[in-house]
């Protein structure tokens, strides 16, 4: 009798949490098919039964009336996020390999201090950086440009890449590269031909985290770009005013979080195979 | 691999990344310190020298220190709730449960979504008359509640959205830890006839101590930067009820344009943050490891 009861409790807990996790998505989905009438009459949930569904919200995303044109922000977001992530991964992987394989010393600064310096950048509150970044980009003439944002995002993402890759390379036996060098490879060749091809899992994990944190940033895009460049989160939050078009808002929200939700499937695969345990710690 | 002839390789691995980060971070840091000693504002823009005037002013700035206390309360509160819920969910989908891979994916989803965008959706959910939150509670004869317009409710709303968004991160780190645990201690506990509760407190929890510490510290660092949800949900209000330190600095610096004063606030904020987080990390290590192994 008792195990039955425990197991029912277990499923109940899992289902309640699932409902909580799903609630905002379900609400956004149903709201995205409403018109002004469907919203102002109080909360409704079922199309056809409770309100008359319309594609108005979705059409407004592509130049329709009363919404925003989401195509350009979408492209800008992809360029900035992917650009900054790739540069961070390249720089971060190289630095992490160096830190994992060589001894650096400059005065009292050692490897562990350099690693700590990289990671400690995550402690920096965005607001502390916002004002100097603003003035720095203004000085460089990069305010309100994609290039400017990419530079700023590298500062945010590089620490993540270094953090994950140092741990990953520490787990790759040194014998691997030493063998390659005994065969006459230079350290570059050993790294690019032998170590790197075997490091794909670690790089993927690092890349996913860079994409997540880059795509989801709002604050820097909000303070450092205005009209020429507009990333998705900024464009969507701009809809949030006193007379918010809930239907456009919901449709644009769903379409902008959709690509990263796919990453969840990927993370779960790595997680269940146990690959992630090593990469994260 | 530390022969002197490798010096060139050694440096070319590390320096591009290190110098890049130094270039982007060091200038802002030094610049902020310098600006904090100036009276730069909308009225008198420019880098004059004002000595420690800003710092003297902020010592008695009650609004700043209150926003700090509020941030500390929110960060510790939400991280604690996230830890308990995240650990519970990780344990639930760790082993014998049907469709566990489906639930694992589902439980990860919120951390992949853009906080500021989901906060906008939450704002419509928490709308007093048009949102589903009060509608749902009305089924049980509760409410309607002023989710975003009353101080305590607004605080609870912000914390709930943070819990929704970031429990998955805790869940991810803890589940990864659970999956990598060795099997032997659990077999031993089963042979001793320990039930699920005793197994958890005597085996699982102690074994998970290092992962727990790491996860809590990472989340505390990230939680201390809470900004997006506050900006969208309440704008720090009503009054200053949900104003965090970061949000207050944002108002003084980028809205009122008191750059010098905001820089002084930023420097103080950063120093306090680093000291607090270091102390918390030390304390966590001592309590967990002291009791665990």
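Residue numbers (my numbering), protein chains in the order written: chain G, 1 to 281; chain Z, 1001 to 1293.
Yeah, the Cβ is synthetic: ideal placement off N, Cα and C, and Gly gets one too.
- In the same chain as residue 81 of chain G, and ignoring 5 residues on each side of it, the C-beta atoms closer than 7 Å to its own belong to 211, 214 and 215, in chain order.
- Identification of residues in the region 1111–1133 of chain Z having a C-beta nearer than 8 Å to some C-beta of chain G yields 1111, 1112, 1113, 1114, 1115, 1116, 1117, 1118, 1120, 1121, 1122, 1123, 1124, 1125, 1129, 1130, 1131 and 1132, given in sequence order.
- Looking at Z:1085, Z:1011 and Z:1123, the one whose alpha-carbon comes closest to that of residue 103 of chain G is Z:1011.
- The DSSP-derived three-state label of residue 172 of chain G is coil.
- Counting other Cβ atoms within 10 Å of its Cβ, residue 38 of chain G reaches 16 or more and is therefore classed as buried.
- Comparing alpha carbon positions, the residue from Z:1095, Z:1154 and Z:1021 closest to residue 1176 of chain Z is Z:1095.
- Per DSSP, the continuous alpha helix (DSSP H) segment holding residue 1160 of chain Z begins and ends at 1151–1179.
- Per DSSP, residue 50 of chain G is not a residue of any alpha helix (DSSP H), being assigned neither H nor E.
- In the three-state reduction of the DSSP assignment, residue 1194 of chain Z falls in the coil class, being assigned neither a helical nor a strand state.
- Interface criterion met: the Cβ of residue 271 of chain G is under 7 Å from a Cβ in chain Z.
- Taking a 10 Å sphere around the C-beta of residue 52 of chain G, we find fewer than 16 other C-beta atoms and assign the residue as exposed.
- Between the alpha carbons of residue 40 of chain G and residue 34 of chain G lies a distance of about 10 Å.
- Interface criterion met: the Cβ of residue 1109 of chain Z is under 7 Å from a Cβ in chain G.
- Taken in chain order, no unbroken stretch of beta strand (DSSP E) lies wholly in the region 203–240 of chain G with a span of 3 residues or more.
- Here the region 218–229 of chain G makes contact with the region 138–145 of chain G; the two share three or more CB pairs at distances below 8 Å.
- In terms of beta-carbon proximity, residue 1206 of chain Z stays away from the interface with chain G, with every pair separated by 7 Å or more.
- Of all residues in the region 1008–1027 of chain Z, only 1009, 1010, 1013, 1014, 1016, 1017, 1018, 1020, 1021, 1024, 1025 and 1027 come within less than 7 Å of chain G when Cβ atoms are compared, listed by chain position.
- The three-state secondary structure of residue 1043 of chain Z, taken from DSSP, is coil.
- Put simply, the CB of residue 105 of chain G is far from chain Z, with every gap to its CB atoms at 7 Å or more.
- Shown in chain order are the members of the region 1261–1283 of chain Z whose Cβ falls below 7 Å from a Cβ of chain G: 1262, 1263, 1266, 1269, 1270, 1273, 1274 and 1277.
- For residue 1092 of chain Z, the nearest beta carbon of chain G is closer than 7 Å to its own beta carbon.
- Cβ neighbours of residue 84 of chain G within its own chain (closer than 6 Å, five residues either side excluded): 150, 153, 154, 157 and 214.
- Taking the Cα positions, residue 263 of chain G is about 29 Å away from residue 130 of chain G.
- By the rule that beta-carbons nearer than 7 Å mark a contact, residue 1104 of chain Z touches chain G.
- Comparing alpha-carbon positions, the option among Z:1254, Z:1288 and Z:1220 lying closest to residue 123 of chain G turns out to be Z:1220.
- Not flagged as an interface residue toward chain G: residue 1087 of chain Z, since no C-beta distance is shorter than 7 Å.
- Taking a contact to require three or more Cβ pairs closer than 8 Å, the region 1135–1149 of chain Z and the region 246–255 of chain G do not qualify as touching.
- Per the coordinates, the alpha-carbon of residue 1257 of chain Z lies some 33 Å from the alpha-carbon of residue 1017 of chain Z.
- Between the alpha carbons of residue 1262 of chain Z and residue 1230 of chain Z lies a gap of roughly 19 Å.
- Within the DSSP bridge table, the entry for residue 105 of chain G names G:110 as partners.
- Z:1089 is the residue among Z:1089, Z:1066 and Z:1054 whose C-alpha sits nearest the C-alpha of residue 9 of chain G.
- For a cut-off of 8 Å, the C-beta gap from residue 253 of chain G to residue 1274 of chain Z is around 35 Å, too long to register as a contact.
- For a Cβ distance threshold of 8 Å, nothing in chain Z lies close to residue 58 of chain G: the least Cβ distance comes to about 16 Å.
- For residue 1183 of chain Z, no chain G residue has a C-beta closer than 7 Å to its own C-beta; the minimum C-beta separation is roughly 13 Å.
- Along the region 29–54 of chain G, the positions whose C-beta sits under 8 Å from a C-beta of chain Z are 31, 39, 40, 42, 43 and 45, read in chain order.
- Within 9 Å of the CB of residue 1227 of chain Z, the CB atoms of chain G belong to 125, 126, 127, 218 and 219, in sequence order along the chain.
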